[in-house]
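For reference, the structure is listed below as structure tokens.
In this note's numbering, the protein residues as written are 1234 to 1336.
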């Protein structure tokens, strides 16, 4: 007996099937035949779609889309540290006669 390979569907395909199921224009059996997936799988994807739909319009999506918060004090401190290093190295190279061109 040959072993059946497990299929992995893309999120776009899953969303397409779940939206088609949500529309209700076709029965689950018709959708299963059309998309070549099991009825239970369509039901699971539809449930996941309905669960995740609230997150699209809720505050979770807005907070997550802003990205990570930036610590400005730490960034300004790093800029100051790098500027100090550059000035020190520029002076050291100038004294050693290795600095060719000044900025």
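Ideal Cβ placement from N, Cα and C applies to all residues, glycine included.
As the structure is a computational prediction, the values presented were derived from the model and not from experiment.
Should the segment 1270-1290 be regarded as contacting the segment 1236-1250, the criterion being three or more beta carbon pairs within less than 8 Å?
-> These segments touch.
What three-state label does DSSP hand residue 1309 in the structure shown?
-> Residue numbering aside, residue 1309 sits at position 76 when the chain shown is read from its first letter. In the structure shown, residue 1309 sits in a helix (DSSP, three-state: H, G or I).
Residues of its chain near residue 1278, where Cβ-Cβ distance is below 7 Å and the 5 sequence neighbours each way are ignored | By 1-based counting over the chain shown, the position of residue 1278 is 45. Its chain contains 1247, 1250, 1251 as the residues whose beta carbon lies nearer than 7 Å to that of residue 1278, once the 5 sequence neighbours on both sides are disregarded; these appear in chain order.
Taking Cβ to Cβ, would you say residue 1276 is nearer than 8 Å to residue 1261?
-> For the purposes of this step, residue 1276 is identified with residue 43 of the chain shown, where counting begins at 1. For the purposes of this step, residue 1261 is identified with residue 28 of the chain shown, where counting begins at 1. Taking C-beta atoms as the reference points, residue 1276 and residue 1261 count as a pair closer than 8 Å.
Thinking C-alpha only, which one of 1321, 1313, 1270, 1237 is nearest residue 1254?
-> For the purposes of this step, residue 1254 is identified with residue 21 of the chain shown, where counting begins at 1. Cα-wise, what sits closest to residue 1254 is 1270.
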